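Residue 787 is where the sequence shown starts when you use the numbering used here, and the numbers rise one by one after that.
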Amino acid sequence: MQSLNLAKAHKGRLDVLCIGAHCDDIEIGCGGTVLALQRRYPDCRVHWLILTSVPTRRSEALVAARAFVKPACRGETLVCDFPDGMLPGHLVQVKERFEAVKARVEPDLILTHHGLDRHQDHSLVSQVTWQTFREHMIWEYEIPKYDGDLVSPNLYVPVSAADAARKVRVIVKAFASQRGKSWFTADNLLAMMRLRGLECRSPSGLAEGFHCRKLVFDSLGAAPGGDAA
């Protein structure tokens, strides 16, 4: 299995934009990857965009974001206050927020919702991500839920046992408002990572899965040990 290196010779810093419809989506879908990226690229910059919130959820999201992203890597953090479950009714305003972020952030990698996610907010966020960032590398993360809409991913990020434990610990601690929900358990969070870890033969047995619709190989780039063709 071939691995992917995101280091860019022409730029000293990797910029990552994480997008979530709700206040815990980023952490659940790609929290382990956010931790792994910071370990692999210690001078990276991680930006956070969340579309829906209420005051309690917003406070939880800010605490979680600080726990996942170390101070040296923190970029833009925007938590909007659109109503949960109603994003399709605010399409124009959502697109405006995306454009505002695009004007300030130049991401090398975007982590967002899977396009086939059946939750209306998740689906819309994925659509607007692709409409706004048409020339970017986009990885679509998974959110397990009652709808049963998971699809086998085509891209995997192995997660260390320590990062997986940290991911679960921070999510369970930070998002206290969700503890009464049946899906919100440490076992469920770990189960997804264990399944994806099995599928990619992760050394730790843990991984996060993504869907990458488009990946372009730069065949005109510099050859190893030589100049560009």
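For glycine and all other residues, C-beta sits at the position ideal for the given N, C-alpha and C. Every value quoted in this text rests on a predicted model; they were computed, and no experiment measured them.
Ends of the beta strand (DSSP E) at Gly806? If you number the sequence shown from 1, residue 806 lands on position 20. Boundaries of the beta strand (DSSP E) harbouring Gly806: Asp801 to Gly806, taken from the DSSP string.
Length of the line joining the Cα atoms of Arg799 and Phe854: As a first step, residue 799 is located in the sequence shown; it is residue number 13 there, counting from the start. As a first step, residue 854 is located in the sequence shown; it is residue number 68 there, counting from the start. C-alpha separation (whole angstroms): 18 Å.
Would the stretch 907-920 and the stretch 883-893 be scored as touching if the rule is three or more Cβ pairs under 8 Å? yes
Going straight from the alpha carbon of Asp907 to that of Glu928, what length do you get? By 1-based counting over the sequence shown, the position of residue 907 is 121. By 1-based counting over the sequence shown, the position of residue 928 is 142. A direct Cα-to-Cα measurement between Asp907 and Glu928 gives close to 14 Å.
Round the Cβ separation of Val865 and Ala847 to the nearest angstrom and send it over; I've been treating them as touching at under 8 Å. One-based indexing of the sequence shown puts residue 865 at position 79. One-based indexing of the sequence shown puts residue 847 at position 61. Yes, Val865 and Ala847 are in contact; Cβ-Cβ is about 6 Å, under 8 Å.
Compute the beta-carbon to beta-carbon distance between Leu984 and Ala950, rounded to the nearest angstrom, for a pair I have assumed lies under 8 Å. Working through the sequence shown from its first residue, we reach residue 984 at position 198. Working through the sequence shown from its first residue, we reach residue 950 at position 164. Their Cβ separation, rounded to whole angstroms, is 13 Å, which puts Leu984 and Ala950 out of contact at 8 Å.
For Val865, three-class secondary structure by DSSP: For the purposes of this step, residue 865 is identified with residue 79 of the sequence shown, where counting begins at 1. Strand at Val865.
State the DSSP-derived secondary structure class of Glu928, mapped to helix, strand or coil. Taking the sequence shown and counting its residues from 1, the one referred to as residue 928 is at position 142. Coil at Glu928, not helix or strand.
Do three or more CB pairs link the stretch 936-944 to the stretch 992-999 at distances below 8 Å? yes
Are the CB atoms of Leu936 and Asp801 within a distance shorter than 9 Å? Along the sequence shown, read from residue 1 onward, the residue named residue 801 stands at position 15. Along the sequence shown, read from residue 1 onward, the residue named residue 936 stands at position 150. When the beta-carbon positions are compared, Asp801 and Leu936 stay at least 9 Å from each other.
In the stretch 856-906, which residue ranges form an unbroken beta strand (DSSP E) of at least 3 residues, counting only runs that do not cross its ends? 860-868 and 895-899
Kindly indicate which three-state DSSP category Arg831 falls into: helix, strand or coil? Taking the sequence shown and counting its residues from 1, one reaches residue 831 at position 45. Looking at Arg831 - three-state DSSP - the assignment turns out to be strand.
Alpha carbon to alpha carbon, how far is Val956 from Gln964? Give it in angstroms, no decimals. As a working mapping, residue 964 is identified with position 178 in the sequence shown. As a working mapping, residue 956 is identified with position 170 in the sequence shown. Taking the straight line from one Cα to the other gives about 13 Å.
Bridge partners - Pro944, DSSP secondary structure assignment: The residue labelled residue 944 in the question sits at position 158 within the sequence shown. Looking at the DSSP assignment, Pro944 forms a beta bridge with Ala993.
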